[in-house]
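At position 18 of the sequence shown (counting the first as 1) the number is 413 in our numbering, and the numbers step up by one without a gap.
For every residue, glycine included, the Cβ atom is placed at its ideal position computed from N, Cα and C.
All values reported here derive from a predicted model rather than from experimental measurement.
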Amino acid sequence: MSVSFDLTGKVAVITGGAGILCSEMARQLAESGVSVAILDLFGDKAEKVAEEITAKGGRAIGVQADVLDKNSLINARDRVLKEFGRVDILINGAGGNKKEATTSDDMSFFDIPLEALQWVFNLNFMGTVLTTQVFGRVMAEQGSGSIINISSMSSLTPLTRVVGYSAAKAAVNNFTQWIAVYMNQNYSTNIRVNAIAPGFLLTQQNYYLLVDEKTGQDTERGKAIKKNTPMGRYGKPEELIGAIIWLASDASSFVNGVVIPIDGGFSAFSGV
Ligand SMILES: NC(=O)c1ccc[n+]([C@@H]2O[C@H](COP(=O)([O-])OP(=O)(O)OC[C@H]3O[C@@H](n4cnc5c(N)ncnc54)[C@H](O)[C@@H]3O)[C@@H](O)[C@H]2O)c1
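As structure tokens, this is what we get:
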């Protein structure tokens, strides 16, 4: 058997598809011959990414969808099925943290508002669950598919400060295992569910934590990250793509229910 990374003709749905990491995934999958549905809370941004892809000869649509609203996801699913007819790959990328759910000199854990924690937990965890209910059902009916959840380093050993985000991403890992088994036992052994846990990539989401806005230098946290990343640098969004193509394709046909760290060695290093 020859190993195939070929994705030509497949259909991918990517939530948070207008964001920094997932828009890069959308572009690269489209270049690999995948028809891409870019779902995002901000429909105009999703359409912009889709237009960029179609201008280069790829197949893409931008669809407004809220991963916390099942009806909105069902409408998005109907649109995707009308345009592309099936769903082979689902990337649950919508997620993020917010300042109000993060401890700091001005915010102790004891004072973090419940609503802020709930916001972060819902977006990262419930958004993944709800989206998998809607698009996972399409895969269950088809009898095939690859779901890729976007976890985080903070899911393995929690990072300081981001309490709700860490808990939510840990829940995403647990759900990745649970739904992988459920799909196989109840629907098809041709459905696989995995996650990637990106290490530290400098993006809009974490810029305020890692770079001093006044000086442009690394914050103490930024310095600590680089010191604890054996490769000594932040990752780049495009460095996630190899794993995405591998997990989406038949090249990973026996890989199921796992969380792949993409972290420059961060999770392998004890600091000593
Ligand atoms: N940036 C990093 O270093 C890093 C590291 C580890 C994990 N992650 C994870 O990767 C994923 C993408 O992160 P990013 O850095 O590209 O973030 P980003 O903020 O650039 O993108 C997130 C996208 O999700 C969309 N979104 C927000 N709420 C939504 C909702 N309710 N419904 C649909 N879409 C919604 C936003 O509009 C945005 O386009 C997230 O799950 C994040 O937690 C990021």
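Count the other CB atoms within 10 Å of the CB of residue i; is the residue buried (16 or more) or exposed (fewer)?
| i | result |
| --- | --- |
| T668 | Outside the modelled stretch of the chain, which goes from 396 to 667, sits residue 668, for which no answer is possible. |
| T610 | exposed |
| L525 | buried |
| A455 | buried |
| M626 | exposed |
| R628 | exposed |
| E570 | Just to set this straight, residue 570 is Phe in the shown sequence, not Glu. Looking at its Cβ environment, which holds 16 or more other Cβ atoms inside 10 Å, F570 is buried. |
| V667 | exposed |
| L635 | buried |
| A407 | buried |
| N581 | exposed |
Which partner residues of residue i appear in the DSSP bridge assignment?
| i | result |
| --- | --- |
| V406 | S430 |
| D658 | BP columns for D658 are empty, so no partner. |
| V482 | For V482, which the question treats as bridged, DSSP gives no partner whatsoever. |
| S499 | M502 |
| S541 | I484, R587 |
| P593 | I657 |
| D473 | D473 pairs with nothing; no bridge assigned. |
Any heavy atom of ligand 1 closer than 7 angstroms to the beta-carbon of residue i?
| i | result |
| --- | --- |
| V606 | no |
| P553 | no |
| I545 | yes |
| L512 | no |
| D435 | yes |
| T614 | no |
| T598 | yes |
| F595 | yes |
| V408 | no |
| D461 | yes |
| N601 | yes |
| N519 | yes |
| I456 | no |
| A489 | yes |
| I415 | yes |
| G666 | no |
| K631 | no |
| K440 | yes |
Taking the Cβ atom as the reference point for each residue, do residue i and residue j lie within a distance shorter than 8 angstroms?
| i | j | result |
| --- | --- | --- |
| L463 | N517 | yes |
| A575 | I545 | no |
| M598 | I415 | Met is not the amino acid found at residue 598; the sequence shown has Thr there. Yes, the pair counts as a contact, with Cβ atoms nearer than the cut-off. |
| S644 | S399 | yes |
| A471 | G457 | no |
| I640 | L402 | yes |
| G531 | A489 | no |
| A460 | N519 | no |
| K465 | V567 | no |
| N492 | Y560 | yes |
| D658 | G617 | no |
| A592 | S647 | no |
| V558 | T498 | yes |
| L596 | K631 | yes |
When you compare the CB of residue i with every CB in chain D, is at least one pair closer than 8 angstroms?
| i | result |
| --- | --- |
| G559 | Absent from the structure is chain D; it holds one protein chain and no more. |
Three or more C-beta pairs below 8 angstroms linking the region 538-552 and the region 581-591: yes
Touch test, the region 431-447 against the region 503-515, Cβ-Cβ under 8 angstroms, three pairs minimum: no
Touch test, the region 402-414 against the region 422-439, Cβ-Cβ under 8 angstroms, three pairs minimum: yes
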